[in-house]
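What follows is a single structure, written as structure tokens, with notes after it.
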Amino acid sequence: GAVVSQHPSRVICKSGTSVKIECRSLDFQATTMFWYRQFPKQSLMLMATSNEGSKATYEQGVEKDKFLINHASLTLSTLTVTSAHPEDSSFYICSARDKMQSSGANVLTFGAGSRLTVL
Amino acid sequence: AQSVAQPEDQVNVAEGNPLTVKCTYSVSGNPYLFWYVQYPNRGLQFLLKYITGDNLVKGSYGFEAEFNKSQTSFHLKKPSALVSDSALYFCAVRDMNYGQNFVFGPGTRLSVLP
Chain A
1 GAVVSQHPSR VICKSGTSVK IECRSLDFQA TTMFWYRQFP KQSLMLMATS NEGSKATYEQ
61 GVEKDKFLIN HASLTLSTLT VTSAHPEDSS FYICSARDKM QSSGANVLTF GAGSRLTVL
Chain B
1 AQSVAQPEDQ VNVAEGNPLT VKCTYSVSGN PYLFWYVQYP NRGLQFLLKY ITGDNLVKGS
61 YGFEAEFNKS QTSFHLKKPS ALVSDSALYF CAVRDMNYGQ NFVFGPGTRL SVLP
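In structure tokens form, the structure reads like this:
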């Protein structure tokens, strides 16, 4: 089945540094990838929708200059948290949709998530 | 606008007993409904989906869900719970009238007690 690899699974960084999280579709091409943020004991909050070869679409309230998203190929999207601060500490999850699936009811495949801790 | 409600934050059941995790939704058009499960520090795993056809949908690990259009519900069920079913469960809806985004419910934590 479809697999999405997300790396790193855990990262600890100092305040003010930038952190990059990668999301790869391993056995399928993904024209669209989604980035979510999950706070403890809460649901997933969609941050942005990433389309291959075009700019990401950010949800209201998400700072695009803070959370840089690049979807340079059909199998890779990256999220860079720039100038990270402790309040950016969270669990970030990506998901991808298979390009070959029909657009109707295709299932999202999720990465395992990345836990970011900013000291 | 589309929304998903999971009225119970926590569900506790004894191993071997049937379990139900509730979900209700609101969409303007026809809903595509999904259940995902999340284990600690992991991403979400797909369990099952309803698109059209039979209201009772069978999915992974013995789970099933029943679509009820009049009650706008999509409750997740399993006849006999296992301790290993303990996890966080998310219901999600996709309304084709609102593009490709999924809307997730707040999640329900299931604890199966031995």
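Protein chains in written order, with my numbering: chain A, 1 to 119; chain B, 1 to 114. Every residue, glycine too, gets a C-beta built ideally from N, C-alpha and C.
I want to see whether chain B comes within less than 9 Å of residue 93 (chain A), judged by CB atoms only; does it?
Sequence index remark: in the first sequence, residue 93 (chain A) carries index 93 (1-based). So, interface residue.
Please list the residues of the segment 56-67 of chain A that have a C-beta atom closer than 7 Å to any C-beta atom in chain B, keeping them in chain order.
So nothing in the stretch comes that close.
When you check each C-beta in the segment 44-57 of chain B against every C-beta of chain A, which residues fall closer than 9 Å?
Listed by position, the residues of the segment 44-57 of chain B near chain A (Cβ gap below 9 Å) are 44, 45, 46, 49, 50, 51 and 52.
I'd like the list of long-range same chain contacts for residue 70 (chain A), defined as Cβ closer than 6 Å, with 5 residues on each side in sequence excluded.
Here the question's residue 70 (chain A) lines up with position 70 in the first sequence. Correct list, in chain order: 78.
Which residues share a DSSP beta bridge with residue 24 (chain B)?
Taking the second sequence and counting its residues from 1, the one referred to as residue 24 (chain B) is at position 24. Answer is B:5 and B:73, bridged to residue 24 (chain B).
Which residues in chain B sit within 9 Å of residue 110 (chain A), going by Cβ to Cβ distance?
The residue you call residue 110 (chain A) lines up with position 110 of the first sequence. The answer, in chain order, is 36, 38, 42, 43, 44, 45 and 46.
Going by CA-CA distance only, name the one from A:23, A:82 and A:81 that's closest to residue 43 (chain B).
Here residue 43 (chain B) corresponds to residue number 43 of the second sequence, with the count starting at 1. That would be A:23, whose Cα lies nearest to the Cα of residue 43 (chain B).
Going by the beta-carbon positions, is the gap between residue 38 (chain A) and residue 99 (chain A) smaller than 9 Å?
On the first sequence, residue 38 (chain A) is found 38 positions in, with the first residue counted as 1. On the first sequence, residue 99 (chain A) is found 99 positions in, with the first residue counted as 1. It is not a contact, given that the beta carbons lie outside the stated cut-off.
For residue 101 (chain B) and chain A, any beta-carbon pair shorter than 9 Å?
Residue mapping note: residue 101 (chain B) aligns to position 101 of the second sequence, counting from 1. Residue 101 (chain B) counts as touching chain A.
Strictly below 9 Å CB to CB, what residues from chain A border residue 105 (chain B)?
If you number the second sequence from 1, residue 105 (chain B) lands on position 105. By Cβ distance, chain A contributes 43.
Buried or exposed: residue 25 (chain A), going by 16 or more other Cβ atoms within 10 Å of its Cβ?
The residue labelled residue 25 (chain A) in the question sits at position 25 within the first sequence. Its Cβ being crowded by 16 or more others within 10 Å, residue 25 (chain A) is buried.
Determine which residues share a DSSP beta bridge with residue 14 (chain B) and list them.
Indexing the second sequence from 1 puts residue 14 (chain B) at position 14. DSSP, once it has assigned bridges, lists B:113 as partnering residue 14 (chain B).
Using a C-beta cutoff of 9 Å, does residue 28 (chain A) count as contacting chain B?
By 1-based counting over the first sequence, the position of residue 28 (chain A) is 28. It does not: the Cβ of residue 28 (chain A) has no partner Cβ on chain B nearer than 9 Å.
Taking the C-alpha atoms as reference points, what is the distance between residue 15 (chain B) and residue 61 (chain A)?
What you label residue 15 (chain B) is simply residue 15 of the second sequence in a count that begins at 1. What you label residue 61 (chain A) is simply residue 61 of the first sequence in a count that begins at 1. Taking the straight line joining both Cα atoms gives about 43 Å.
Determine whether the Cβ of residue 113 (chain A) lies closer than 9 Å to any Cβ atom of chain B.
Working through the first sequence from its first residue, we reach residue 113 (chain A) at position 113. Yes, because at least one Cβ of chain B sits closer than 9 Å to the Cβ of residue 113 (chain A).
Which term fits residue 88 (chain A), buried or exposed, when burial requires 16 or more other beta carbons within 10 angstroms of its beta carbon?
Here residue 88 (chain A) is taken as the residue at index 88 of the first sequence, counted from 1. So residue 88 (chain A) ends up on the buried side.
Inspect the beta-carbon positions of residue 1 (chain B) and residue 25 (chain B) and report whether they are closer than 9 Å.
Your numbering for residue 1 (chain B) matches position 1 in the second sequence. Your numbering for residue 25 (chain B) matches position 25 in the second sequence. No, they are not a contact pair.
Taking the alpha carbon of residue 62 (chain B) as the reference point, which residue from B:41, B:80, B:38 and B:95 has its own alpha carbon closest?
For the purposes of this step, residue 62 (chain B) is identified with residue 62 of the second sequence, where counting begins at 1. Closest by alpha carbon: B:80.
Alpha carbon to alpha carbon, what distance is there between residue 83 (chain A) and residue 12 (chain A)?
Taking the first sequence and counting its residues from 1, one reaches residue 12 (chain A) at position 12. Taking the first sequence and counting its residues from 1, one reaches residue 83 (chain A) at position 83. In a straight line, the C-alpha of residue 12 (chain A) is about 13 Å away from that of residue 83 (chain A).
DSSP three-state label for residue 27 (chain A), please.
In the first sequence, the residue the question calls residue 27 (chain A) occupies position 27. Correct three-state label for residue 27 (chain A): coil.
Could you tell me how far apart the beta carbons of residue 91 (chain B) and residue 74 (chain B) are, in whole angstroms, since I believe they sit closer than 8 Å?
For the purposes of this step, residue 91 (chain B) is taken as the residue at position 91 of the second sequence. For the purposes of this step, residue 74 (chain B) is taken as the residue at position 74 of the second sequence. Yes, they are in contact, since the Cβ atoms of residue 91 (chain B) and residue 74 (chain B) sit about 6 Å apart, within 8 Å.
Per the DSSP calculation, residue 7 (chain A) is bridged to which residue(s)?
By 1-based counting over the first sequence, the position of residue 7 (chain A) is 7. Per DSSP, A:22.
Establish whether the CB of residue 9 (chain A) and some CB of chain B are separated by less than 9 Å.
Working through the first sequence from its first residue, we reach residue 9 (chain A) at position 9. Yes, its Cβ sits closer than 9 Å to a Cβ of chain B.
Does DSSP put residue 54 (chain B) in a helix, a strand or coil?
In the second sequence, counting from the first residue as 1, residue 54 (chain B) sits at position 54. Coil, per DSSP.
Could you pull the start and end residues of the beta strand (DSSP E) that residue 70 (chain A) belongs to?
Walking along the first sequence from the start, residue 70 (chain A) turns up at place 70. Run containing residue 70 (chain A): 67-73, per the beta strand (DSSP E) assignment.
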